[in-house]
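So this is what it looks like as structure tokens:
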């Protein structure tokens, strides 16, 4: 089993192998925008408000691969995930990335989702907040990397995440077509997060003492190197992708 020191050394060597001078993007940088619906007037949903809210509640808790193993069937074929620094990812790449990250298997987390509402201007879209809590229950292994973090590293204190804003859009059949997550809120949380000022998987890296892993994920060159490795290596030993190839994204997706 590898120690945190070994993992830190591995990541530092990876950083040095990229370039000596790299621009680290802030986690709080706003992602390129995309119009999921160009109209600014109220849209006509094909699902009822009740259906949209219930679908969103089920999706965030059971379907998206973070709190429970990924349910690929709950995602439309033209699904796209776009976060602040990760993405865009198509359906296949998103499912593989969430599986390789192994969060649902290593952690027992509750999203504590609240504030659900239906967007009046974007078709079949729910917006809400998440503030995860929980504990690590098994070794955290990330496929294609040396990460193998025992539960005692994650359970030195309770896992408390920051407040994060979510947006999920469903197609006419009730399958997730688009998922995006905002940068975590640095202020206004009910208690001090154990994840620093990061959320999602990067926050978990901070929680278990692997701040260097979180910092490396914010580096655009490291992400490009990881994607290049994912292209070259067999799937069973390749690291998680952080973005899909442009030619593999659905035609509806446009970044501005």
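Residue numbers (the numbering used here): 5 to 260. The beta-carbon is built from N, C-alpha and C at its ideal position, and this holds for glycine as well.
Which residues DSSP lists as bridging residue i, in chain order
i	result
residue 79	180
residue 169	133
residue 118	133
residue 164	137
residue 225	According to DSSP, residue 225 bridges with nothing at all.
residue 174	180
Residue i vs residue j beta-carbon contact at 8 Å
i	j	result
residue 168	residue 203	yes
residue 111	residue 140	yes
residue 146	residue 106	yes
residue 80	residue 179	yes
residue 220	residue 91	no
residue 207	residue 213	no
residue 93	residue 245	yes
residue 238	residue 198	no
residue 265	residue 164	What the structure shows of the chain is the stretch from 5 to 260, and residue 265 is not part of that stretch, so it cannot be assessed.
Through-space distance from residue j to residue i, alpha-carbon basis
i	j	result
residue 73	residue 124	31 Å
residue 171	residue 236	33 Å
residue 108	residue 99	12 Å
residue 256	residue 232	25 Å
residue 174	residue 182	7 Å
residue 242	residue 134	30 Å
residue 30	residue 96	Residue placement at residue 30 cannot be trusted, given a pLDDT of 29 that sits under 50; what the coordinates show is reported in the next sentence. So the alpha carbons of these two residues sit roughly 27 Å apart.
residue 87	residue 184	5 Å
residue 129	residue 195	29 Å
residue 250	residue 258	10 Å
residue 156	residue 225	32 Å
residue 126	residue 46	8 Å
residue 253	residue 209	28 Å
residue 348	residue 68	Any question about residue 348 goes unanswered here, given that the chain covers just 5 to 260.
residue 89	residue 188	12 Å
residue 51	residue 136	28 Å
The ligand ATP heavy atom lying under 7 Å from the CB of residue i
i	result
residue 81	This structure lacks the ligand ATP; in fact it carries no ligand of any kind.
Nearest neighbour of residue i, chosen from the options [CA to CA]
i	options	result
residue 143	136, 137, 151	151
residue 104	87, 205, 138, 54	205
residue 186	230, 53, 85, 211	85
residue 62	210, 114, 83	114
residue 230	189, 215, 51, 101	101
residue 160	129, 252, 211	211
residue 53	131, 157, 89	131
residue 166	78, 50, 117	117
residue 138	66, 71, 192, 193	71
residue 240	153, 193, 148, 192	148
- Message: My parser needs the alpha helix (DSSP H) runs of 4 or more residues fully inside the segment 125-161; what are they?
- Response: 155-158
- Query: What beta strand (DSSP E) runs, 3 residues minimum, are completely inside the segment 47-110?
  - Reply: 79-86
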